[in-house]
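Q:
Protein chains in written order, with my numbering: chain Z, 60 to 517; chain B, 6 to 486.
#1: What residues in the stretch 430-453 of chain B have a beta carbon less than 8 Å from any beta carbon of chain Z?
#2: Is it true that the CB of residue 477/Z sits closer than 9 Å to the CB of residue 434/Z?
#3: What three-state label does DSSP hand residue 278/B in the structure shown?
#4: Hey, how far is the Cα of residue 262/Z from the Cα of residue 377/Z?
#5: Could you tell me which chain B residues have their CB closer than 9 Å to the CB of residue 330/Z, listed as they occur along the chain?
#6: Which value, in whole angstroms, describes the spacing of the CA atoms of residue 284/Z and residue 246/Z?
#7: Could you check whether the stretch 195-211 of chain B touches the stretch 235-255 of chain B, counting it as contact only if at least three pairs of C-beta atoms, one from each stretch, sit closer than 8 Å?
#8: Tell whether a beta-carbon distance below 9 Å holds between residue 439/Z and residue 307/Z.
#9: With a threshold of 9 Å between beta-carbons, can residue 323/Z be considered close to chain B, or not?
#10: Measure the C-alpha to C-alpha separation of residue 342/B and residue 67/B and round it to an integer number of angstroms.
#11: Given a threshold of 16 other Cβ atoms within 10 Å of its Cβ, counted over all protein chains shown, does residue 481/B qualify as buried or as exposed?
#12: Determine the DSSP secondary structure at residue 474/Z, reduced to helix, strand or coil.
#13: How many angstroms separate the CA atom of residue 64/Z from the CA atom of residue 138/Z?
#14: Using the Cα positions of residue 322/Z and residue 167/B, report the straight-line distance between them to the nearest angstrom.
#15: What are the boundary residues of the beta strand (DSSP E) that includes residue 213/B?
#16: So which residues of chain Z does residue 410/B contact, with C-beta pairs closer than 7 Å?
#17: Can you tell me whether residue 353/B is buried or exposed, with buried defined as 16 or more other CB within 10 angstroms of its CB?
#18: Consider the Cβ of residue 281/B: report whether some Cβ of chain Z lies at a distance smaller than 9 Å.
#19: In whole angstroms, give me the CA-to-CA distance for residue 109/Z and residue 223/B.
#20: Express the C-alpha separation of residue 150/B and residue 333/B in angstroms, rounding to a whole number.
#21: Give the interface partners of residue 194/Z over in chain B, defined as CB-CB distance under 9 Å, in chain order.
#22: Look up residue 251/Z in the DSSP assignment and say whether it is helix, strand or coil.
#23: If residue 274/B and residue 337/B are in contact, beta carbons under 8 Å, what's the gap, nearest whole angstrom?
#24: How would you write the range of the alpha helix (DSSP H) that residue 485/Z sits in, first residue to last?
#25: Give me the Cβ distance between residue 293/B and residue 114/B, rounded to the nearest whole Å; I'm assuming they're in contact under 8 Å.
#26: Any chance the stretch 355-362 of chain Z sits against the stretch 263-280 of chain Z, with 3 or more Cβ pairs inside 8 Å?
#27: Kindly provide the ranges of any alpha helix (DSSP H) runs that are 4 or more residues long and lie completely inside the stretch 85-172 of chain B, ordered along the chain.
#28: Among 288/Z, 339/Z, 389/Z and 418/Z, which one has its Cα closest to the Cα of residue 350/Z?
#29: With which residues is residue 308/Z paired in a DSSP beta bridge?
#30: Alpha carbon to alpha carbon, what distance is there between residue 325/B and residue 377/B?
#31: Starting from residue 427/Z, trace the alpha helix (DSSP H) both ways and give me its first and last residue.
#32: My understanding is that residue 136/B touches residue 234/B, with C-beta atoms under 8 Å, so please give their C-beta distance in whole angstroms.
#33: Once DSSP output is grouped into helix, strand and coil, what is the label at residue 482/B?
#34: Let me know if residue 93/B comes out buried or exposed under the rule of 16 or more other beta-carbons within 10 Å of its beta-carbon.
#35: Rounded to whole angstroms, what is the Cα-Cα separation between residue 439/B and residue 512/Z?
#36: Going along the chain, which residues of its own chain have a beta-carbon closer than 8 Å to the beta-carbon of residue 23/B, five neighbours each way excluded?
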């Protein structure tokens, strides 16, 4: 496999060149990241092609650390003279910043081995080989299945197939050089049913993977989207109450994201996390184990090295209910007297910052039906809205839709409600974990039940 | 002041040799397989930011982004491609890729290109913040830091940033129109941490607009923004848990416009209505809100964050009345939707960058004032919520269901504002809430420029505004029964 930058540009060569130029312009330390790729999007709606998008791009992000002063610049203009000027200007820009003794590149002993990338299954040549006609056919099959699934599906917002064939390259002034190709494919459908009161009920489903063979059947995605729309017909608000709340796997995944955002060195040194001072202490129910794992082959956040070139590793966030520790990049680790966990995330335009990779809530033994069985009244959540989570306190309050549970069964659809609680309490109150683990993007979770939350309705 | 249309034309001609002969030849390639309409969107954008924490500059960043997006329209369908290179070969390939939305072959008629000058500008493009020395920006950050720390000893941390953007755009269309704009934008953000024992609260405040450094004299000061963030963080330390259930809600003037933006604005974007996926589809001329409600989207407000001289399809921005005394009057139109509905474009075609296709979007969206006073409105409520500021919201376009996170809210008891509340969420349905607007005050104001709107993964700067309004019932998502 070779680099996948458009126009035959080798991404690693650009990164290496930027580092050389910055060094020549006087940089003490520097690193450069290059993200290159060709992306395509096909949308089919009511059987017709509605959008056809294809383009390639290459972007360079350069970080210079000059006597502890940091500057970060990004550009897409990679002509030789432009690159030289860009490197010089980045070095000059660093003078604005104040010296920070914790700024700096990783210890070379921590560098990842780029050769490990091949085993991680990040690239699938079948995605690169897909023709536009094949992509249109996938989207068409998906949408047609949604429309055919139920006569009550009266409209759709289309089915969209997107692919990306890209390359990530990183080089630094301490000698790290690494790059790897990566592909992704996603297919998403939104089906719409008309309710009796004139209200529209959308149903949404998707599959997103790094290889074509893992992508769900297009027709299956369409059918699930249709079912989720029809299931919401007649949805109404329940009375405000405190009841058990069950999260289907796709919704349980969102709780992992909230927790992980609070479990970073960045949130810790800013004093902006409710997890401060809780390392090694019981946090969640003993049923809960949560892993951050960038080494699972073929997943969305899988990577051989992090955004600073540090070897990635599996990190346990919660083991049998105990909060085991935070995720660090080099800066936050030095600042707090820790070691990096290989968790630096990196965009072109921003400094590295610790972030989770693939998140897994380990499955339990219960079937979803068993989880519902002993609930007399409760809420089963299939959609969440809004950003009502406060990382500093853990307070949680979000719009929700799904089903009302009566005597162990999904009785009727619910919309326009709000669920609220506190994440620490919610994690402690998890009293059932299903065996039905499923992946959504870079996270996987089974069905979970929270003993009690406030559901605001009528 | 320089005409920004002229400045943009000169910028692309002098720097990249982009002239009418070149754009016409690319447009001919774009239409070489048929297609009703084609357009080129050239963009050159410089962003810089300085971030502040631990009472010093943490880092300085700068990004230069440039490219050309090419769109070919056939009926309601589009072909789209972009390139980051202004080399002819790369642009020609992008034009051919976009052309594939049509399958035919034909020789496109020659395009008679005529650059047009708008002759009007809603913002000063001659003095962008980009041109100020970094020391001037650092001084503003220092001022914010001092003010927040002096506000209350509980404030233990202050993070801030100052960002500026200068964007040149040039749009060339197959109908011969060529028009450009220069769009400056600044943004000042502060985040304050207040701490008392284990109780920690973070509050954010920000502002800005299409202005230069004069923003910090004309509109507000770094001190004001910083003290506001500090005040909210300290206030939250003692805030009580929010009630749960359906209650009357008084929406304060200014930022509450974000509710209007989410609850109705998106549903009035013409693409959703053209596809029949909005709850407002087919309802022009019908009552969709209380007769007290008039909603306007206006891209022409001087120096406002959401304002544009021309939209990203080259159409002049405008003041569009969407709902008038409760009656639905118009949708926000881009070119494709305007053709579909047989109306004029409303100057609402916007995109995040040259990498993105155009959609109908809002600019500055607000409700016109009524005749009540805010004091009378609050006095009329026995038990309810007074909602002042928000961190954001989300709407389900197809049925209007929305949620909002309220960052500053109070209980109203017996006509008086009492306890500050935390973790207040408002959840409801757009048309339902607009029908329950029972009083509208005379204190309309536009929010300071801090809002960004997301749609289909594309972000654009917007403004919102609102007078004080009483909604007779919204579901409040709290914890206290």
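Every residue, glycine too, gets a C-beta built ideally from N, C-alpha and C.
A: Let me lay it out:
#1: For the stretch 430-453 of chain B, which is checked against every Cβ of chain Z, the residues closer than 8 Å are 430, 432, 433 and 434.
#2: One thing to note: residue 434/Z has its Cβ no nearer than 9 Å to the Cβ of residue 477/Z.
#3: Correct three-state label for residue 278/B: helix.
#4: In this model, residue 262/Z and residue 377/Z are separated by some 33 Å (Cα to Cα).
#5: Within chain B, the residues near residue 330/Z are 161, 162, 198, 200, 205 and 207.
#6: One alpha carbon belongs to residue 284/Z, the other to residue 246/Z, and they sit about 12 Å apart.
#7: Cβ pair count under 8 Å is three or more, so yes.
#8: Their beta carbons are under 9 Å apart, which means residue 439/Z touches residue 307/Z by this criterion.
#9: It does not; no Cβ of chain B falls within 9 Å.
#10: Between residue 342/B and residue 67/B, the alpha-carbon positions lie close to 36 Å from each other.
#11: It is buried - the Cβ of residue 481/B has at least 16 other Cβ atoms within 10 Å.
#12: Correct three-state label for residue 474/Z: strand.
#13: Low per-residue confidence applies at residue 64/Z: pLDDT is 42, beneath 50, and the placement is therefore not dependable, though the value from the model is reported in the following sentence. If I take the Cα positions, the gap works out to 15 Å.
#14: Rounded to the nearest whole angstrom, the CA to CA distance from residue 322/Z to residue 167/B is 27 Å.
#15: For residue 213/B, the uninterrupted beta strand (DSSP E) segment begins and ends at 204-214.
#16: Neighbours of residue 410/B in chain Z, taken as residues at a C-beta separation under 7 Å, are given in chain order as 445, 446 and 447.
#17: With 16 or more other Cβ atoms within 10 Å, it is buried.
#18: So, interface residue.
#19: Each residue's Cα considered, the two are about 46 Å apart.
#20: Rounded to the nearest angstrom, the gap between the Cα atoms of residue 333/B and residue 150/B is 46 Å.
#21: At a C-beta separation below 9 Å, residue 194/Z has no neighbours in chain B, since its nearest C-beta there lies roughly 12 Å away.
#22: The three-state reading of DSSP puts residue 251/Z in strand, counting E and B together.
#23: Under the criterion of beta carbons closer than 8 Å, residue 274/B and residue 337/B qualify as touching, at roughly 5 Å.
#24: That run of the alpha helix (DSSP H) goes 482-487.
#25: That pair is no contact at about 43 Å.
#26: The stretch 355-362 of chain Z vs the stretch 263-280 of chain Z: in contact.
#27: Segments of the alpha helix (DSSP H) lying fully in the stretch 85-172 of chain B: 93-104 and 139-156.
#28: Ranking the options by Cα distance to residue 350/Z, first place goes to 418/Z.
#29: Note: residue 308/Z is not bridge-paired with any residue in the DSSP secondary-structure output.
#30: The straight-line gap from Cα to Cα measures roughly 24 Å.
#31: 427-432 is the extent of the alpha helix (DSSP H) around residue 427/Z.
#32: In fact, because the Cβ distance is near 28 Å, the residues do not count as touching under 8 Å.
#33: In the structure shown, residue 482/B sits in a strand (DSSP, three-state: E or B).
#34: Burial call: exposed.
#35: Spanning the two alpha carbons is a distance of roughly 29 Å.
#36: In the same chain as residue 23/B, and ignoring 5 residues on each side of it, the C-beta atoms closer than 8 Å to its own belong to 17, 47, 91 and 175, in chain order.
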